[in-house]
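A.B. asks:
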Amino acid sequence: MTPRERILAALHRQLPDRTPTDGWFHKEVMRMLMEHYHTHDWDEVLAELGVEGWASCGIGLQFPEWKARCTPRPGTKNGQRAVWIDADTHEDGWGVRHRIGADGWYEEWIDGPLTQAQTVADIVNCPLPTIDNIRHDAAYANKVSALKRQEKFVSGGIPNPYKMAWMLRGMDNVLADYLINRDMLEALYDKLYALYTEIAVRMTRGGVDMITITGDIAMQDRIIMGPDTWRAVDRPRLQALLDACRAENPDILLYIHSDGDVTDLMQDFVDMGFDVVNPLQPECVDPAAIKRQWGDRIALHGGISLQRTLPFGTVVEVRQEVEELIRTCGYDGGLVVFPSNVIQPDTPVENIIACFHAARDFDLSTLGGRVG
């Protein structure tokens, strides 16, 4: 199989020639791996790891007024361009403020333009991006087609509107809004879902294979806002977004990402028509149990411990975890082996290589069928 064929087979819950792999890599990890393989070409690294066939082609937003105010990071000539509040704090095009940590590797949320909002009118009157801010790319469909001709599986992504809501409003405020100011949250969701539905539909129309929706709605042990609250507020809007994409292309694959324990919503995801769930943190959920109950209706993308085995285990333990995941979840397809979030700089290079090579080398013909 080509890499594209392998991914398509797995995500359609069919048995590929081998289990495909995928990964998100911190920029420092990318540097470490390129140094290990003596190359400056990241694609060469992915080929060495066996992580092949994935491509992303999104449609972004443009903020001309914000862009005109951008300058390099203070104290640098060619540093990150943004609207800088001080040497470490910057404001993005949405008006959300972020602070860069001392090591330069991570940013933390500081403030958003709606943290002081008190009324629905404050939400309605806030000049958030609209469909007029969507970047128009007349060549978008051609770019997607070109990637497919290179045997790439092409996805286009949007953030979960819940994630954008808390970044704009603040986590505490949004969680309170679910309970005591729901009209304010719904007014904000009306804006966000209108924008992201349009982006998702345009990417679908442009020919991507899959729409990804990313943003955490769960903690290590529960759904953040509670499953019933999510069903009442988020699910109808998210369903309308999915339906709009399927109306454009009935064959579009739909993928949802949330860290944490999403078990309470797995049946919802299946009923809504999601095709892929990510990342199945093994510290929070049992991927094999998810496979047994829902694996005939949804593909699994994830399953490798990023809090435990990958950074702190031995090479042997890493390989064992990958092999057990494939044995229990990949026997009939429907699995992409994926470390459960961005691989961090404290992860040994040899463990990263062991993870991907264990999946690459696993002979699926040795599996006898469902386990457990």
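If you read the sequence shown in our numbering, its first letter stands for residue 30, the second for the next number, and so on. No residue lacks a Cβ here, since even glycine has one placed at the ideal position from N, Cα and C. From a predicted model like this one, the values you see are computed outputs, not experimental measurements.
(1) My output table needs one value for F54: the three-state DSSP class, helix, strand or coil.
(2) Alpha carbon to alpha carbon, how far is V378 from H119?
(3) Taking 7 Å as the limit between beta carbons, can you name the residues of its chain near R234, skipping five residues before and five after?
(4) What are the boundary residues of the alpha helix (DSSP H) that E353 is part of?
(5) Verify whether the separation of the beta carbon atoms of E350 and I333 is less than 8 Å.
(6) On a CA-only basis, which of Q109, G122, D315 is nearest W134? Give me that one, please.
(7) Here's a check: name, in chain order, each residue in its chain whose Cβ is nearer than 6 Å to the Cβ of G122, leaving out the five neighbours to either side.
(8) Using a 10 Å radius around the Cβ and a threshold of 16 neighbouring Cβ atoms, would you call N210 buried or exposed?
(9) Return the bridge partner residues of A328 from the DSSP annotation.
(10) Using CA coordinates, which residue listed in R321, R231, T292 is at the minimum distance from N307?
(11) Specify, as a first and last residue, the run of the beta strand (DSSP E) that V366 falls within.
(12) Across the stretch 132–150 and the stretch 211–220, are there enough close Cβ pairs to call them in contact, namely three or more that are closer than 8 Å?
(13) Indicate whether L270 and Y207 have their beta-carbon atoms separated by less than 8 Å.
(14) Which first and last residues belong to the beta strand (DSSP E) in which M239 is found?
(15) What is the rounded straight-line gap between the Cα of D166 and the Cα of V237?
(16) Using the Cβ count rule (16 or more neighbours within 10 Å means buried), how would you classify A111?
(17) State whether the stretch 66–84 contacts the stretch 152–168, with contact taken as three or more CB pairs (one from each stretch) at a distance under 8 Å.
(18) If you draw a straight line from the C-alpha of A116 to the C-alpha of D288, how long is it?
C.D. replies: Taking the definition as stated:
(1) strand
(2) 32 Å
(3) E277
(4) 344–358
(5) yes
(6) Q109
(7) F92, W95
(8) N210 is buried by the Cβ-count criterion.
(9) V305
(10) T292
(11) 364–368
(12) The stretch 132–150 is in contact with the stretch 211–220.
(13) no
(14) In the DSSP assignment, M239 falls within the unbroken beta strand (DSSP E) covering 239–243.
(15) Roughly 14 Å between the two C-alpha positions.
(16) buried
(17) The way I'd put it, the stretch 66–84 doesn't touch the stretch 152–168; fewer than three beta-carbon pairs between them come closer than 8 Å.
(18) 31 Å
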